[in-house]
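These notes are about the structure you will find just below.
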């Protein structure tokens, strides 16, 4: 029996080291991939605030001539980023362009950060009210340079914390088994 117990301890340590090695290998490739992506990106020059307001509108000529501008959307949407939208687009239209809200989106606390000269500020938009009642009156029209922030729910934060905690527990488990 002592040989059998000794064998299981050695096997347990070996298995723990294999799991640790695979995990570190995967993490290494993830950081290597992100480093390569950062090398490819070209650095952008910071533009003084007064110059950033110059060419904010774009005219798209085609079947229907449209005036367009850039807006940002961050947070709990499927595809956050910078979007070129037509004049007259509202917050609902931009969120739809970004693939819609995720399951972890807190729709009642959506914010519109407006940077247009003379109109700077943050506008709270209750998209939950719109989805429950169909009341479109509280949905603002976008302007050049606007940023939409769709925050996460409390439970979305708990899920993220749980994910981090599980990785920490895995490392602690590996260390405990390695030191036995």
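Numbering (this note's numbering), first residue to last: 7 to 186.
By construction, the Cβ of each residue, glycine as well, lies at the ideal position given by its N, Cα and C atoms.
Computed from a predicted model, the values in this text were never measured in an experiment.
- When DSSP reads this structure, residue 75 sits in a beta bridge with 63, 91.
- One thing to note: residue 84 has its Cβ within 8 Å of the Cβ of residue 108.
- Distance from the Cα of residue 161 is smallest, within the candidate group 82, 118, 144, 132, for 82.
- Residue 137: member of the alpha helix (DSSP H) spanning 133 to 139, first to last residue.
- Between the segment 123 to 132 and the segment 160 to 174 there are fewer than three C-beta pairs closer than 8 Å, too few to call the two in contact.
- Of all alpha-carbon atoms in 103, 119, 176, 114, the one lying nearest the alpha-carbon of residue 152 is that of 119.
- Within the model, the alpha-carbon separation for residue 128 versus residue 184 is close to 53 Å.
- In this structure, residue 101 and residue 154 form a Cβ contact; the two beta carbons are roughly 7 Å apart against a cut-off of 8 Å.
- Annotation for residue 164: the continuous alpha helix (DSSP H) segment containing it runs 160 to 185.
- Under the DSSP definition of a beta bridge, residue 130 partners with 117.
- Residue burial is scored here from C-beta neighbours: residue 137 has fewer than 16 other C-beta atoms within 10 angstroms and is therefore classed as exposed.
- Partner residues in a beta bridge of residue 98, as assigned by DSSP, do not exist.
- For residue 113, same chain residues with a beta-carbon under 7 Å away, outside a window of 5 residues either side, are 107, 133, 134, 137 in chain order.
- In the structure shown, residue 155 adopts extended strand secondary structure according to DSSP, grouped into three states.
- When the Cα atoms are used, residue 80 and residue 110 turn out to be separated by approximately 13 Å.
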